[in-house]
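Only one structure is covered here, and it is reproduced in the block below.
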Amino acid sequence: MSVPEGVERAEWVRAAMERHEAGLLRYAQSLTGDPDRARDVVQDTFLKLCSQEPGSVDGHMAQWLFTVCRNRVHDVHRKESRMSPLSQTAMESREATEPNPASRAADRDAAEAILALMAGLPANQREVVRLKFHGEMSYQEIAAVTSLSVGNVGFLLHTAIKTLRVQLAALDKPLAGRAPRSADA
Numbered sequence: 747m748s749v750p751e752g753v754e755r756a757e758w759v760r761a762a763m764e765r766h767e768a769g770l771l772r773y774a775q776s777l778t779g780d781p782d783r784a785r786d787v788v789q790d791t792f793l794k795l796c797s798q799e800p801g802s803v804d805g806h807m808a809q810w811l812f813t814v815c816r817n818r819v820h821d822v823h824r825k826e827s828r829m830s831p832l833s834q835t836a837m838e839s840r841e842a843t844e845p846n847p848a849s850r851a852a853d854r855d856a857a858e859a860i861l862a863l864m865a866g867l868p869a870n871q872r873e874v875v876r877l878k879f880h881g882e883m884s885y886q887e888i889a890a891v892t893s894l895s896v897g898n899v900g901f902l903l904h905t906a907i908k909t910l911r912v913q914l915a916a917l918d919k920p921l922a923g924r925a926p927r928s929a930d931a
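Quick note on this note's numbering: the sequence shown kicks off at 747 and runs consecutively.
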């Protein structure tokens with residue numbers, strides 16, 4: 747008894763989702779800043795995968811998915827640039843609903859410091875860092891997604907990480923150099 751083609755395709759898409767969904771969500775959220783929008787973008791990415799022939803993306807599935815995701819985020823940004831943005835207050839109120847914030851305070855502070863420093867990096871450096879660490883992609887995959895050379899990807903990653911390392915060290919020095927406050931002061 748043969749397996750119907752629709753079942754094989756469903757298994758193929760399911761396997762791709764299991765392998766790449768988490769990385770795509772992290773990448774999309776880093777680009778959109780909104781977990782709901784990121785889920786929508788990733789859903790659109792997998793819907794587009796459903797219409798592809800497996801042979802057209804086999805061997806470069808991650809590159810294909812991240813490229814489609816990146817392009818979809820750009821489409822969303824273009825559409826939203828014509829709309830009015832959310833206010834800062836509205837964005838902060840969404841973050842405040844995170845469960846158990848006290849247990850994650852230290853991790854969040856560290857992540858915020860790194861993200862704040864990343865915001866100061868040039869856009870191309872930010873993107874390759876996100877693809878490398880959120881997308882868990884190789885230099886070759888990043889090069890394919892961004893249309894850069896592998897050498898350029900390596901240079902951008904090296905420069906970004908070196909810059910972040912220096913800036914993080916500078917943040918730690920003022921804290922370490924402070925004298926403890928006395929109770930008399």
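Positions of the beta carbon are idealized from the N, C-alpha and C atoms, including for glycine.
Opening and closing residue of the alpha helix (DSSP H) in which residue i lies
| i | result |
| --- | --- |
| residue 801 | 800-803 |
| residue 867 | Taken as a continuous stretch (DSSP letters only), residue 867 belongs to no alpha helix (DSSP H), as it is neither H nor E. |
| residue 807 | 807-827 |
| residue 887 | 885-892 |
| residue 782 | 781-796 |
Euclidean distance between Cα positions of residue i and residue j
| i | j | result |
| --- | --- | --- |
| residue 818 | residue 796 | 15 Å |
| residue 769 | residue 816 | 12 Å |
| residue 860 | residue 910 | 8 Å |
| residue 771 | residue 784 | 6 Å |
| residue 820 | residue 912 | 31 Å |
| residue 802 | residue 828 | 34 Å |
| residue 889 | residue 865 | 21 Å |
| residue 811 | residue 883 | 11 Å |
| residue 762 | residue 794 | 12 Å |
| residue 754 | residue 782 | 30 Å |
| residue 779 | residue 823 | 11 Å |
| residue 798 | residue 851 | 43 Å |
| residue 869 | residue 804 | 30 Å |
| residue 903 | residue 858 | 20 Å |
| residue 757 | residue 791 | 16 Å |
| residue 800 | residue 806 | 11 Å |
Status (buried if at least 16 other CB within 10 Å, exposed otherwise) for residue i
| i | result |
| --- | --- |
| residue 862 | exposed |
| residue 766 | buried |
| residue 881 | buried |
| residue 886 | exposed |
| residue 776 | buried |
| residue 919 | exposed |
| residue 917 | exposed |
| residue 873 | buried |
| residue 908 | exposed |
| residue 808 | buried |
| residue 878 | buried |
Integer Cβ distance of residue i from residue j, believed to fall under 8 Å
| i | j | result |
| --- | --- | --- |
| residue 915 | residue 871 | Actually they are not in contact, since the Cβ atoms of residue 915 and residue 871 sit about 18 Å apart, beyond 8 Å. |
| residue 813 | residue 875 | That belief does not hold up - the Cβ atoms of residue 813 and residue 875 are roughly 17 Å apart, past 8 Å. |
| residue 774 | residue 759 | Wrong, their Cβ atoms sit about 18 Å apart, outside the cutoff. |
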